[in-house]
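Below: one structure, written as structure tokens.
Number of protein chains: 2
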Amino acid sequence: MSSSVPIQPADGVVRLSVDCMGGDHGPSVTLPACRAFLAAHPQAELLLVGRGEALAEAKAWPRCTVVPATEVVEMDDPLEVALRRKKDSSMRVAINQLKAVDGVAAAHACVSAGNTGALMAVARYVLKTLEGIDRPAIASVMPNQRGGFTTMLDLGANVDCSAEHLLQFAVMGSALVSAVDGKAEPSVGLLNIGEEVIKGNETIKRAGELLRQAAAAGQLNFYGNVEGNDIFKGTTDLVVCDGFVGNVALKTAEGLATMMTTFIKLEFGRNLLTKLIALLALPVLQRFKNRVDHRRLNGAALLGLRGLVFKSHGSADALAFETALNRAYDAARNRLLDRVHDRIIATLQAMPAQTGEPAPGDAGDKVASAAQAA
Amino acid sequence: MSSSVPIQPADGVVRLSVDCMGGDHGPSVTLPACRAFLAAHPQAELLLVGRGEALAEAKAWPRCTVVPATEVVEMDDPLEVALRRKKDSSMRVAINQLKAVDGVAAAHACVSAGNTGALMAVARYVLKTLEGIDRPAIASVMPNQRGGFTTMLDLGANVDCSAEHLLQFAVMGSALVSAVDGKAEPSVGLLNIGEEVIKGNETIKRAGELLRQAAAAGQLNFYGNVEGNDIFKGTTDLVVCDGFVGNVALKTAEGLATMMTTFIKLEFGRNLLTKLIALLALPVLQRFKNRVDHRRLNGAALLGLRGLVFKSHGSADALAFETALNRAYDAARNRLLDRVHDRIIATLQAMPAQTGEPAPGDAGDKVASAAQAA
Numbered sequence: 001m002s003s004s005v006p007i008q009p010a011d012g013v014v015r016l017s018v019d020c021m022g023g024d025h026g027p028s029v030t031l032p033a034c035r036a037f038l039a040a041h042p043q044a045e046l047l048l049v050g051r052g053e054a055l056a057e058a059k060a061w062p063r064c065t066v067v068p069a070t071e072v073v074e075m076d077d078p079l080e081v082a083l084r085r086k087k088d089s090s091m092r093v094a095i096n097q098l099k100a101v102d103g104v105a106a107a108h109a110c111v112s113a114g115n116t117g118a119l120m121a122v123a124r125y126v127l128k129t130l131e132g133i134d135r136p137a138i139a140s141v142m143p144n145q146r147g148g149f150t151t152m153l154d155l156g157a158n159v160d161c162s163a164e165h166l167l168q169f170a171v172m173g174s175a176l177v178s179a180v181d182g183k184a185e186p187s188v189g190l191l192n193i194g195e196e197v198i199k200g201n202e203t204i205k206r207a208g209e210l211l212r213q214a215a216a217a218g219q220l221n222f223y224g225n226v227e228g229n230d231i232f233k234g235t236t237d238l239v240v241c242d243g244f245v246g247n248v249a250l251k252t253a254e255g256l257a258t259m260m261t262t263f264i265k266l267e268f269g270r271n272l273l274t275k276l277i278a279l280l281a282l283p284v285l286q287r288f289k290n291r292v293d294h295r296r297l298n299g300a301a302l303l304g305l306r307g308l309v310f311k312s313h314g315s316a317d318a319l320a321f322e323t324a325l326n327r328a329y330d331a332a333r334n335r336l337l338d339r340v341h342d343r344i345i346a347t348l349q350a351m352p353a354q355t356g357e358p359a360p361g362d363a364g365d366k367v368a369s370a371a372q373a374a
Numbered sequence: 001m002s003s004s005v006p007i008q009p010a011d012g013v014v015r016l017s018v019d020c021m022g023g024d025h026g027p028s029v030t031l032p033a034c035r036a037f038l039a040a041h042p043q044a045e046l047l048l049v050g051r052g053e054a055l056a057e058a059k060a061w062p063r064c065t066v067v068p069a070t071e072v073v074e075m076d077d078p079l080e081v082a083l084r085r086k087k088d089s090s091m092r093v094a095i096n097q098l099k100a101v102d103g104v105a106a107a108h109a110c111v112s113a114g115n116t117g118a119l120m121a122v123a124r125y126v127l128k129t130l131e132g133i134d135r136p137a138i139a140s141v142m143p144n145q146r147g148g149f150t151t152m153l154d155l156g157a158n159v160d161c162s163a164e165h166l167l168q169f170a171v172m173g174s175a176l177v178s179a180v181d182g183k184a185e186p187s188v189g190l191l192n193i194g195e196e197v198i199k200g201n202e203t204i205k206r207a208g209e210l211l212r213q214a215a216a217a218g219q220l221n222f223y224g225n226v227e228g229n230d231i232f233k234g235t236t237d238l239v240v241c242d243g244f245v246g247n248v249a250l251k252t253a254e255g256l257a258t259m260m261t262t263f264i265k266l267e268f269g270r271n272l273l274t275k276l277i278a279l280l281a282l283p284v285l286q287r288f289k290n291r292v293d294h295r296r297l298n299g300a301a302l303l304g305l306r307g308l309v310f311k312s313h314g315s316a317d318a319l320a321f322e323t324a325l326n327r328a329y330d331a332a333r334n335r336l337l338d339r340v341h342d343r344i345i346a347t348l349q350a351m352p353a354q355t356g357e358p359a360p361g362d363a364g365d366k367v368a369s370a371a372q373a374a
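Residue numbers (the UniProt record's numbering), protein chains in the order written: chain W, 1 to 374; chain Z, 1 to 374.
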């Protein structure tokens with residue numbers, strides 16, 4: 001393992017730093033979630049970051065340390081405020097806990113429900129990106145028809161991506177799925193508008209070429225192109241796309257899910273008879289709801305940084321926030337940071353050697369120079 | 001009205017040409033749909049295009065003419081085959097009916113369930129694009145939470161779009177909504193990853209600028225940026241995006257809808273008790289299903305060509321194909337071709353004059369030169 005990555009938990013304790021003030025609800029949601037999480041994870045420890053008076057009740061909890069932070073990044077604070085003015089914010093202090101001093105950091109992963117843009121900017125500023133990564137990305141999961149989850153990235157951190165960025169997303173995403181879902185070689189799909197390799201714009205076609213090269217070098221389990229419907233079919237474990245497309249797909253899905261559940265409620269609430277039928281159907285409808293419950297999917301990973309940062313939905317309730325804590329815990333316990341680091345270096349080193357020729361254009365140059373730097 | 005656009009129906013008869021052989025099912029779907037359509041539209045006439053023996057039963061129908069075509073473009077035929085080899089295909093012959101000879105065409109609009117790529121390529125080759133339009137686009141409708149429909153384009157014809165293309169899409173889409181849905185000034189949203197004007201990549205930001213200019217010139221009812229969930233909220237009548245993003249959003253929505261209906265069926269089919277509840281809930285579930293029935297949404301418009309071409313889903317049943325015929329009929333009856341032509345010319349002429357200064361960069365040059373050409 002490279003010394004440039006903070007040491008991750010070996011067998012023992014996993015320590016998470018939690019921005020207790022972030023999100024729409026702050027401690028009224030984060031504290032109950034932390035307590036439930038601690039009860040379920042005897043080997044976990046928490047650093048609870050925020051205003052002392054707001055976290056008073058947690059001071060007596062076992063395996064907990066309150067870390068004071070006097071400021072709070074509000075959901076509508078501009079990036080500059082989060083980054084330059086509120087230097088003692090709970091978000092910033094929570095991320096600071098991941099910073100390695102002599103190779104050791106206070107926490108193994110951080111969870112915040114704060115503003116996504118601010119969280120990414122502060123995390124990037126404090127932690128910096130990993131070797132071989134140009135841009136961090138945001139990864140999250142969607143439910144699929146197989147009853148499992150499809151991981152998808154980037155979901156909005158990068159509006160313009162090169163083919164090399166998409167390759168890096170594929171490698172980081174594979175590391176995430178292997179760490180959190182326990183799949184050794186997750187299958188990777190490149191989001192496109194058709195299955196054939198000739199489909200898509202120039203960037204997508206070049207990304208497909210790079211992904212095939214990485215697969216040929218034994219570094220990726222590349223399935224090929226996938227389309228929007230494949231996310232929910234569960235055709236591949238991982239779907240890779242640029243942040244603009246990923247964000248549109250995610251929000252389109254959220255919008256449709258909201259519309260469909262609204263229509264179901266509307267039809268069952270139409271009159272006394274339909275309401276009675278709804279009462280009878282309640283257990284069935286509840287099981288349906290559980291299948292698509294976004295609270296079970298909460299906790300997006302900010303990948304490519306020198307530290308593990310997880311982002312909870314701002315509107316998360318305690319159950320949803322606990323899911324985000326669980327995901328951060330699994331990622332840290334399974335050494336996600338090492339996995340991302342090792343995979344990206346291995347991919348960069350393997351590709352030019354195994355393909356026998358440099359990749360075309362600046363792709364080759366970039367890959368080669370990054371491999372040299374490694 | 002410019003003489004460069006084939007004459008559209010005044011008050012009287014609307015004549016559609018129908019590719020009866022296209023789609024997964026051919027005449028077994030298209031003929032019953034045509035018969036139902038004729039019964040519902042006493043002022044409509046149909047040109048039924050295909051192999052004589054396959055259309056024999058229709059020869060006796062009133063207000064119908066069978067136009068022979070010996071070949072069929074298969075769903076998996078490469079573009080070249082559709083374009084260069086099958087010159088007597090039902091698709092090609094149906095589109096030929098839109099070609100103006102001395103300003104008069106045999107049909108006012110054409111409907112086909114054939115391969116989208118082939119249909120667009122043949123239509124573009126045969127008909128050419130309208131003055132002021134660089135690229136044709138594909139527009140379709142999605143249901144929204146208000147109980148209405150949101151029109152969206154482009155859905156896959158153009159994988160790389162400039163800001164000027166997106167402006168043209170907005171103008172063409174506005175003409176479509178005004179013609180088919182009867183809204184004089186439909187509101188237009190630009191699909192983005194946030195509402196603020198600083199969001200998105202450079203192309204999107206420039207497109208936003210052009211759309212604001214067009215709105216200032218009184219040519220568009222521009223709402224501003226919208227996000228993926230706004231499609232189903234019904235925030236705007238029209239959502240504009242490039243073909244890559246549009247296609248991903250459309251297929252993501254299709255995939256999620258399929259998954260959710262699969263889950264509903266699965267939970268109601270779990271055991272004898274849930275099946276009994278499903279029987280009771282059947283009318284409610286049926287009304288829910290009707291709300292999101294994609295057959296009611298069938299019939300995408302190929303906009304920007306010198307002729308009205310509508311694309312049915314390849315897998316359409318007779319009800320869905322009839323919906324596509326209805327949409328084509330409404331578009332022709334309400335002179336969609338004139339509307340697109342007039343709006344695009346008016347926009348190009350109005351923008352530089354009304355803003356008082358040329359738009360920045362090549363946008364301004366293009367708009368100016370197109371306005372001169374008009």
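For each residue, glycine too, the CB sits at the ideal point set by N, CA and C. For clarity, every value in this text was computed on a predicted model and none was experimentally measured.
Query - residue 289 of chain Z in three-state terms, based on DSSP - result: As a position in the second sequence, residue 289 of chain Z is number 289, starting the count at 1. Look at residue 289 of chain Z here: in three-state DSSP terms it is helix.
Report task. Within its chain, find whatever has a CB closer than 7 Å to the CB of residue 29 of chain W; leave out the 5 residues flanking it on each side and keep chain order. Result -> Along the first sequence, one-based indexing puts residue 29 of chain W at 29. If the five residues before and after residue 29 of chain W are omitted, its C-beta is found closer than 7 Å to the C-beta atoms of 23, 316, 317, 318 and 321, all from its own chain and listed in chain order.
**Report entry** residue 177 of chain W vs residue 237 of chain W beta-carbon contact at 8 Å
**Finding:** On the first sequence, residue 177 of chain W is found 177 positions in, with the first residue counted as 1. On the first sequence, residue 237 of chain W is found 237 positions in, with the first residue counted as 1. Cβ atoms of residue 177 of chain W and residue 237 of chain W: closer than 8 Å.
Query - Rounded straight-line distance, which links the Cα of residue 313 of chain W to that of residue 250 of chain W - result: As a position in the first sequence, residue 250 of chain W is number 250, starting the count at 1. As a position in the first sequence, residue 313 of chain W is number 313, starting the count at 1. In a straight line, the C-alpha of residue 250 of chain W is about 13 Å away from that of residue 313 of chain W.
Requested in this report: Verify whether the separation of the beta carbon atoms of residue 292 of chain W and residue 263 of chain Z is less than 8 Å.
Outcome: Translated into the one-based positions of the first sequence, residue 292 of chain W becomes position 292. Translated into the one-based positions of the second sequence, residue 263 of chain Z becomes position 263. In contact: residue 292 of chain W and residue 263 of chain Z (Cβ atoms closer than 8 Å).
Query raised in the report: What are the start and end residues of the beta strand (DSSP E) that includes residue 140 of chain Z?
Result: Walking along the second sequence from the start, residue 140 of chain Z turns up at place 140. The continuous beta strand (DSSP E) containing residue 140 of chain Z extends over residues 137-143.
Query raised in the report: By the criterion of Cβ-Cβ separation under 8 Å, what are the contact partners of residue 156 of chain Z in chain W?
Result: Along the second sequence, one-based indexing puts residue 156 of chain Z at 156. Chain W residues near residue 156 of chain Z: 193.
Query raised in the report: What residue does the alpha helix (DSSP H) around residue 119 of chain Z start on, and which one ends it?
Result: One-based indexing of the second sequence puts residue 119 of chain Z at position 119. Note, residue 119 of chain Z: alpha helix (DSSP H), 116-127.
Query raised in the report: Would you say residue 256 of chain Z reaches chain W, if we count a Cβ-Cβ gap shorter than 8 Å as a contact?
Result: The residue labelled residue 256 of chain Z in the question sits at position 256 within the second sequence. For residue 256 of chain Z, the answer is yes, since a Cβ of chain W falls inside 8 Å of its Cβ.
Query raised in the report: So with Cβ pairs under 8 Å, would you call residue 287 of chain W a contact of chain Z?
Result: Working through the first sequence from its first residue, we reach residue 287 of chain W at position 287. At a cut-off of 8 Å between beta carbons, residue 287 of chain W contacts chain Z.
Query raised in the report: If we cut at 8 Å on Cβ distances, does residue 377 of chain W have a partner in chain Z?
Result: There is simply no residue 377 of chain W to check, as chain W begins at 1 and stops at 374 in what is shown.
Query raised in the report: Cα separation between residue 145 of chain W and residue 152 of chain W?
Result: Here residue 145 of chain W is taken as the residue at index 145 of the first sequence, counted from 1. Here residue 152 of chain W is taken as the residue at index 152 of the first sequence, counted from 1. One Cα belongs to residue 145 of chain W, the other to residue 152 of chain W, and the distance between them is close to 15 Å.
Query - Helix, strand or coil at residue 217 of chain W according to DSSP, with G and I counted as helix - result: Working through the first sequence from its first residue, we reach residue 217 of chain W at position 217. Residue 217 of chain W falls in the coil class under three-state DSSP.
Query raised in the report: Where does the unbroken beta strand (DSSP E) through residue 54 of chain W begin, and where does it stop?
Result: In the first sequence, counting from the first residue as 1, residue 54 of chain W sits at position 54. Segment: none, residue 54 of chain W is in no beta strand (DSSP E) and carries neither H nor E.
Query raised in the report: Mind checking if residue 281 of chain W is an interface residue toward chain Z, Cβ cutoff 8 Å exclusive?
Result: Counting from one through the first sequence, the residue named residue 281 of chain W turns up at place 281. Yes, because at least one Cβ of chain Z sits closer than 8 Å to the Cβ of residue 281 of chain W.
Query raised in the report: Ordered along the chain, which non-local residues of its own chain (more than five positions away) have a Cβ less than 7 Å from that of residue 186 of chain Z?
Result: By one-based count along the second sequence, residue 186 of chain Z stands at place 186. Once the five neighbours on either side are set aside, the close Cβ partners of residue 186 of chain Z are 174, 177, 178, 221, 237 and 238.
Query raised in the report: Closest by CA to residue 136 of chain W, which one among W:142, W:160, W:295 and W:143?
Result: Residue numbering aside, residue 136 of chain W sits at position 136 when the first sequence is read from its first letter. The residue with the shortest Cα to Cα distance from residue 136 of chain W is W:160.
Query raised in the report: Are there three or more Cβ pairs, one per stretch, closer than 8 Å when the segment 91-110 of chain W is compared with the segment 297-307 of chain W?
Result: Contact between the segment 91-110 of chain W and the segment 297-307 of chain W is present, because at least three Cβ pairs lie under 8 Å.
Query raised in the report: Going by alpha carbons, who is nearest to residue 184 of chain W out of W:25, W:334 and W:16?
Result: In the first sequence, the residue the question calls residue 184 of chain W occupies position 184. Nearest of W:25, W:334 and W:16 to residue 184 of chain W, Cα basis: W:334.
Query - Span of the alpha helix (DSSP H), counted from its first residue to its last, around residue 230 of chain Z - result: In the second sequence, residue 230 of chain Z corresponds to position 230, counting from 1. Element bounds for residue 230 of chain Z: 228-233.
Query - Chain-ordered chain W contacts of residue 228 of chain Z [CB-CB under 8 Å] - result: Taking the second sequence and counting its residues from 1, the one referred to as residue 228 of chain Z is at position 228. Within chain W, the residues near residue 228 of chain Z are 247, 248, 249, 250, 251, 252, 253, 254 and 255.
Report task. State the Cα-Cα distance for the pair residue 19 of chain Z and residue 323 of chain Z, rounded to the nearest angstrom. Result -> On the second sequence, residue 19 of chain Z is found 19 positions in, with the first residue counted as 1. On the second sequence, residue 323 of chain Z is found 323 positions in, with the first residue counted as 1. The straight-line gap from Cα to Cα measures roughly 15 Å.
Query raised in the report: Skipping 5 residues on each side, what residues in its chain have a beta carbon closer than 7 Å to that of residue 93 of chain Z?
Result: Counted from its first residue, the second sequence places residue 93 of chain Z at position 93. Counting only Cβ-Cβ distances below 7 Å, and skipping sequence neighbours, we find 49, 67 and 69.
Query raised in the report: Is the Cβ of residue 59 of chain Z closer than 8 Å to any Cβ of chain W?
Result: By 1-based counting over the second sequence, the position of residue 59 of chain Z is 59. Residue 59 of chain Z is outside the set of residues whose beta carbon lies under 8 Å from a beta carbon in chain W.
Query raised in the report: Hey, residue 326 of chain W and residue 37 of chain W are a contact pair by Cβ (cut 8 Å); roughly how many whole angstroms apart?
Result: Position 326 of the first sequence, counting from 1, holds the residue named residue 326 of chain W. Position 37 of the first sequence, counting from 1, holds the residue named residue 37 of chain W. About 7 Å; that satisfies the 8 Å criterion.
**Report entry** Per-residue burial, residue 27 of chain Z [other beta carbons within 10 Å of its own, 16 or more giving buried]
**Finding:** Taking the first residue of the second sequence as 1, we reach residue 27 of chain Z at position 27. The residue in question, residue 27 of chain Z, is buried, as its Cβ has 16 or more Cβ neighbours within 10 Å.
Query - Amino acids of chain W, ordered along the chain, whose beta-carbon sits closer than 8 Å to that of residue 160 of chain Z - result: Here residue 160 of chain Z corresponds to residue number 160 of the second sequence, with the count starting at 1. Under a criterion of Cβ atoms nearer than 8 Å, the residues of chain W adjacent to residue 160 of chain Z are, in order, 201 and 202.
Report task. Measure from the C-beta of residue 274 of chain W to each C-beta in chain Z and report whether the shortest distance is under 8 Å. Result -> As a working mapping, residue 274 of chain W is identified with position 274 in the first sequence. For residue 274 of chain W, the answer is yes, since a Cβ of chain Z falls inside 8 Å of its Cβ.
Report task. Using three-state DSSP, classify residue 326 of chain W as helix, strand or coil. Result -> Looking up residue 326 of chain W in the first sequence gives position 326. Here residue 326 of chain W sits in helix by DSSP.
Query raised in the report: For the segment 122-131 of chain Z against the segment 199-217 of chain Z, are there 3 or more C-beta pairs whose distance is under 8 Å?
Result: Two segments are said to touch when three or more pairs of C-beta atoms, one from each, lie closer than 8 Å; by this definition the segment 122-131 of chain Z does not touch the segment 199-217 of chain Z.
Report task. List in chain order: all unbroken alpha helix (DSSP H) runs of 4+ residues lying wholly within the segment 23-85 of chain W. Result -> Every alpha helix (DSSP H) stretch that sits fully inside the segment 23-85 of chain W and reaches 4 residues is listed by chain position as 27-40.
Query raised in the report: Is it the case that the Cβ atoms of residue 245 of chain W and residue 188 of chain W are separated by a distance below 8 Å?
Result: If you number the first sequence from 1, residue 245 of chain W lands on position 245. If you number the first sequence from 1, residue 188 of chain W lands on position 188. No Cβ-Cβ contact shorter than 8 Å links residue 245 of chain W with residue 188 of chain W.
Query raised in the report: In chain order, what residues of the same chain lie with their CB nearer than 7 Å to the CB of residue 257 of chain W, ignoring the 5 residues before and after it?
Result: In the first sequence, counting from the first residue as 1, residue 257 of chain W sits at position 257. Answer for residue 257 of chain W: 292, listed in chain order.
Query raised in the report: Mind checking if residue 206 of chain Z is an interface residue toward chain W, Cβ cutoff 8 Å exclusive?
Result: For the purposes of this step, residue 206 of chain Z is taken as the residue at position 206 of the second sequence. Using beta-carbon distances, residue 206 of chain Z does not count as an interface residue toward chain W, since no partner is under 8 Å.
Query raised in the report: residue 381 of chain Z lies in the alpha helix (DSSP H); which residues open and close that run?
Result: Chain Z is shown from 1 up to 374; residue 381 of chain Z falls before or after that span and cannot be answered.
Query raised in the report: Of all Cβ atoms in chain W, is any one closer than 8 Å to the Cβ of residue 115 of chain Z?
Result: On the second sequence, position 115 is the one that residue 115 of chain Z refers to. Residue-level contact by beta carbon fails for residue 115 of chain Z and chain W, as no gap is shorter than 8 Å.
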